[in-house]
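Protein chains in written order, with my numbering: chain A, 163 to 458; chain B, 4 to 289. What follows is a single structure, written as structure tokens, with notes after it.
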Amino acid sequence: MSTPNWKTAIGRRARVAAVWLVLILAWEGAYRAIGWKPWVFPAPSHVIDATLSMLNIHTYLGEPLGPGWPLANPMPVDNPRAPGTPVFGSPLVSALTYSGLRMAIGFTAALAFGVAAGLLLWRITFIDSLLGPLFLGLQTLPSVCWVPLAILTFGINERGILFVLFMGSAFSMAIAMRDGLRALPPIYRAAGIMLGARGLRLYFRVLLPASLPAFAGTLRQGFSFAWRSLLGAELILLTQRRGIGFLLNVGRDFADVAQVVAVMIVMIAVGMAVDRWCFAIIERRVRTRFGLAQPR
Amino acid sequence: MNPEPAPSHTRPLPAAAPASGPLPARGRLDLTDIQFRPGPGPDAPLILDGITLRCEPGEFVVVVGPSGCGKTSLLHIAAGMLRPTAGSALLDSAPILGPGPDRAMVFQEHGLFPWLTAAENVEFGLRMMGLPAAERRHRVESALRMVSLSTAGHKLVHELSGGMRQRIAIARAMVVEPAVLLMDEPFASLDAQTRTLLHEHLQRLWWQTRHTVLFVTHSVGEAVRLADRVIVMSAHPGRIRREIPVQVPHPRPMDSPELADLGRIVRTEIQEEVARVNAELENGHR
Ligand SMILES: Nc1ncnc2c1ncn2[C@@H]1O[C@H](COP(=O)(O)OP(=O)(O)OP(=O)(O)O)[C@@H](O)[C@H]1O
Ligand SMILES: [Mg+2]
């Protein structure tokens, strides 16, 4: 009762972190005790090594404990990783840059399409009965299912990747936008008209601002769809041998299970970080302004 | 900075009536032989039938009646949000063709825009009218002062209490200087104390500005307290059952015996109407 809120929050986080740490250490310990084969499933130390090595930082946490651990490689001949290049030119940074650029282009396009299409579906009943079911159907299609079509239509190139990204997220955003607009309380429209807002001004001053909470939700959901579509497309369409999805494929080609897991963790982390520190914050701000959520 | 005038509800009402504002030249609402069906075709139920109601400029008319008798429909017809199936709706001899700021409406659920602050809500109609910023600011300030919310202008809608929201909604409607103010149970969701305060507030505002007001309520006390004329409606179809003038001078004390007597008359009318409707429904089901 007397403990301030932030203190209990910090306490909770510390406990969560502590449990994770114990689990990871137990995994590592069991791994070393049993002598598991590192090419079947990696230990946490391997994953850390692999992640850092993608950043051109070479550590050897996964090697047996001994003199020089964890910075010296006990078996330098077997190590295929190139030393000495800076972090900025590292495979992970360049892959993330490429994926980020693709997201920026593809997601922006899909968002613009989703908002415009959502508005049309909402306003014009005929368009809704014509395209609404189609969009709903397309939305249920896993985005990698667009890959064959992308390859045949655009070839294995950037346009193919952007096509998959767009198709994998645009329709769900259109549907989410339409549903959000449909759920608008009619009183805003009535009040706007009563106060003299007509035509385009009714849209820009009343209906679109009123749909901001729906839009923020659309944005957030659309991003996660787009991110997943991109990763799938990059994994299969190995264009220019760049992108975070491509890096996952490299791990597979080299049978480097530690790198595979490391890339997967990076994918999850990036997706979560953008969601939490960008879209969730936008959504919370909007909802707070509208009085729909308590500020935290 | 000028000190905020104390909200007047903390003061007793003055014994002598203060001078009212001048009676306006505009604001005559003429509803003649209004018929309303919500759908096309003769199968749609007849909601309103033969409603003829004239509100003089500056008059405060209150409509009461059993639930579902068509009060909201009538108000929406006056607002231009619904078209009557038959009959004519005129404002100052011009037909009402659609919603517009000359007939400002205060909704039951305030309908304030949550993405704007209180002051921006009040300003909205002035923006739509295309007024310059300086005049908008001036008018918003005086409208906020009118409802004793000068210091709450920066607040977001959800930061206001229910009573404050309704006052902002009233300010938003009045700031555009409508010819007629339409109010649909604006205080229904408030507690009794707040409602009493807002009655006094509204009465004073109306007394100063002399808008024509068409006001719908379920509360008989509210009706006789505010009205120059109480219209009791009957249901299925909605017709005007009785008009009861309230000739008690303004401002009115809350505990006037005359008001209590009138209240009893209105209440009896409504109860009879409800009994009639129920009996009709019973017979209809047999
Ligand atoms: N669009 C519509 N379609 C069918 N019936 C409707 C429609 N709009 C209103 N009605 C009916 O018209 C009648 C009057 O409705 P209205 O909302 O005007 O009543 P009211 O007097 O305001 O009721 P309350 O006091 O409960 O607010 C109701 O019986 C309602 O069911
Ligand atoms: Mg009603």
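Ideal Cβ placement from N, Cα and C applies to all residues, glycine included. Keep in mind it's a predicted model, so treat the numbers as computed, not measured.
Using DSSP with H/G/I as helix, E/B as strand and the rest coil, what is residue i?
i	result
alanine 257 of chain A	helix
isoleucine 444 of chain A	helix
alanine 279 of chain A	helix
glutamate 62 of chain B	coil
valine 178 of chain A	helix
leucine 233 of chain A	coil
leucine 298 of chain A	helix
serine 151 of chain B	coil
arginine 404 of chain A	coil
aspartate 264 of chain B	helix
glycine 453 of chain A	coil
isoleucine 286 of chain A	coil
leucine 292 of chain A	helix
glycine 268 of chain A	helix
alanine 395 of chain A	helix
alanine 376 of chain A	helix
threonine 88 of chain B	coil
Can you grab the Cα-Cα spacing for the pair residue i / residue j, in whole Å?
i	j	result
alanine 9 of chain B	tyrosine 365 of chain A	Its pLDDT being 44, under 50, alanine 9 of chain B is placed unreliably by the model, and the measurement read from it follows with that caveat. If you take the alpha carbons of alanine 9 of chain B and tyrosine 365 of chain A, they lie about 40 Å apart.
threonine 35 of chain B	glycine 90 of chain B	6 Å
threonine 351 of chain B	cysteine 58 of chain B	This structure cannot settle anything about residue 351 of chain B, because the visible part of chain B is limited to 4 through 289.
arginine 175 of chain A	alanine 435 of chain A	17 Å
aspartate 231 of chain B	valine 150 of chain B	22 Å
threonine 290 of chain B	arginine 86 of chain B	Outside the shown range of chain B (4 to 289) lies residue 290 of chain B, about which nothing can therefore be said.
alanine 424 of chain A	leucine 263 of chain A	21 Å
glycine 317 of chain A	isoleucine 323 of chain A	9 Å
arginine 351 of chain A	arginine 106 of chain B	16 Å
leucine 300 of chain A	phenylalanine 333 of chain A	7 Å
proline 45 of chain B	isoleucine 37 of chain B	16 Å
valine 306 of chain A	threonine 380 of chain A	21 Å
threonine 287 of chain A	alanine 312 of chain A	31 Å
alanine 191 of chain B	alanine 455 of chain A	25 Å
glycine 294 of chain A	methionine 335 of chain A	12 Å
glutamate 445 of chain A	alanine 338 of chain A	14 Å
arginine 245 of chain B	isoleucine 234 of chain B	6 Å
serine 222 of chain B	proline 375 of chain A	36 Å
histidine 161 of chain B	tryptophan 231 of chain A	59 Å
valine 239 of chain A	phenylalanine 441 of chain A	Confidence in valine 239 of chain A is poor, its pLDDT being 47 and thus under 50, which makes the residue's placement unreliable; the coordinate value appears in the next sentence. Cα to Cα, valine 239 of chain A sits roughly 46 Å from phenylalanine 441 of chain A.
leucine 94 of chain B	aspartate 33 of chain B	6 Å
tryptophan 182 of chain A	alanine 188 of chain A	10 Å
proline 240 of chain B	glycine 361 of chain A	35 Å
leucine 205 of chain B	isoleucine 247 of chain B	21 Å
glutamate 285 of chain B	alanine 278 of chain B	10 Å
leucine 193 of chain B	arginine 382 of chain A	37 Å
leucine 217 of chain A	arginine 403 of chain A	17 Å
glycine 133 of chain B	arginine 140 of chain B	13 Å
glutamine 111 of chain B	alanine 257 of chain A	56 Å
cysteine 72 of chain B	isoleucine 267 of chain A	57 Å
proline 41 of chain B	isoleucine 54 of chain B	16 Å
leucine 233 of chain A	aspartate 211 of chain A	10 Å
Is residue i close to ligand 4? I mean its beta-carbon at under 8 Å from any heavy atom of the ligand.
i	result
glutamate 225 of chain B	The model on display carries ligand 1 and ligand 2 but not ligand 4.
Distance cutoff 9 Å, beta carbons only. Does residue i sit that close to anything in chain D?
i	result
arginine 321 of chain A	Absent from the structure: chain D. Protein chains present are A and B.
### Query
Between the region 113-133 of chain B and the region 74-83 of chain B, do at least 3 Cβ pairs fall closer than 8 Å?
Too few Cβ pairs lie closer than 8 Å, so no.
### Query
Taking contact to mean at least 3 C-beta pairs separated by less than 8 Å, is the region 210-229 of chain B in contact with the region 179-194 of chain B?
Short answer: they touch.
### Message
Can you pull out the residues from the region 335-367 of chain A whose beta carbon lies closer than 9 Å to at least one beta carbon of chain B?
### Response
Taking 9 Å as the Cβ-Cβ cut-off against chain B, the residues of the region 335-367 of chain A that qualify are Pro347, Ile349, Tyr350, Ala352, Ala353, Gly354, Ile355, Met356, Leu357, Gly358, Ala359, Arg360, Arg363, Arg367.
### Task
Return the residues of the region 97-123 of chain B that lie within a Cβ-Cβ distance of less than 7 Å from chain A, sorted by chain order.
Result list: Pro102, Gly103, Pro104, Ala107, Met108, Phe110, Glu112, Gly114, Phe116, Pro117, Trp118.
### Task
With 7 Å as the limit, tell me which residues of the region 154-165 of chain B have their beta carbon closer than that to any beta carbon of chain A; keep them in chain order.
Of all residues in the region 154-165 of chain B, only Leu159, Val160, His161 place a beta-carbon less than 7 Å from a beta-carbon of chain A.
### Query
Given a limit of 7 Å on CB to CB distance, which residues of the region 298-326 of chain A reach chain B?
Cβ contacts with chain B come from no residue of the region 298-326 of chain A.
### Query
Going along the region 367-394 of chain A in order, which residues come within less than 8 Å of chain B, judged by CB to CB distance?
Cβ contacts with chain B: Arg367, Val368, Pro371, Ala372, Leu374.
### Task
Pair every Cβ in the region 423-441 of chain A with every Cβ in the region 269-282 of chain A, then say whether three or more of these pairs are closer than 8 Å.
With a cut-off of 8 Å, the region 269-282 of chain A and the region 423-441 of chain A do not count as touching, because too few Cβ pairs lie within range.
### Query
Which of the residues in the region 69-92 of chain B, read from start to end, lie with their CB under 7 Å from any CB of chain A?
Against chain A - using a Cβ distance shorter than 7 Å - the residues of the region 69-92 of chain B are Ala82, Met84.
### Residues near ligand 1, criterion Cβ-heavy atom distance below 5 Å
Counting every residue whose Cβ lies closer than 5 Å to a heavy atom of ligand 1, we get B:Pro41, B:Ile50, B:Ser70, B:Gly71, B:Cys72, B:Gly73, B:Lys74, B:Thr75, B:Ser76.
### Query
Given a limit of 9 Å on CB to CB distance, which residues of the region 24-55 of chain B reach chain A?
Answer in chain order: no residues at all.
### Interfacial residues, the region 131-142 of chain B to chain A, with Cβ spacing under 8 Å
Close to chain A, meaning a Cβ-Cβ distance shorter than 8 Å, are the following residues of the region 131-142 of chain B: Met131, Met132.
### Query
Taking any Cβ of chain B, which residues in the region 436-457 of chain A have a Cβ under 9 Å from it, in chain order?
Only those residues of the region 436-457 of chain A whose C-beta falls short of 9 Å from the nearest C-beta of chain B are listed: Val448, Thr450, Arg451, Phe452, Gly453, Leu454.
### Query
Per the contact definition of three or more C-beta pairs closer than 8 Å, is the region 192-206 of chain A in contact with the region 413-424 of chain A?
Enough Cβ pairs lie closer than 8 Å, so yes.
### Query
Any contact of the region 352-364 of chain A with the region 97-105 of chain B, i.e. 3+ C-beta pairs under 8 Å?
The region 352-364 of chain A vs the region 97-105 of chain B: in contact.
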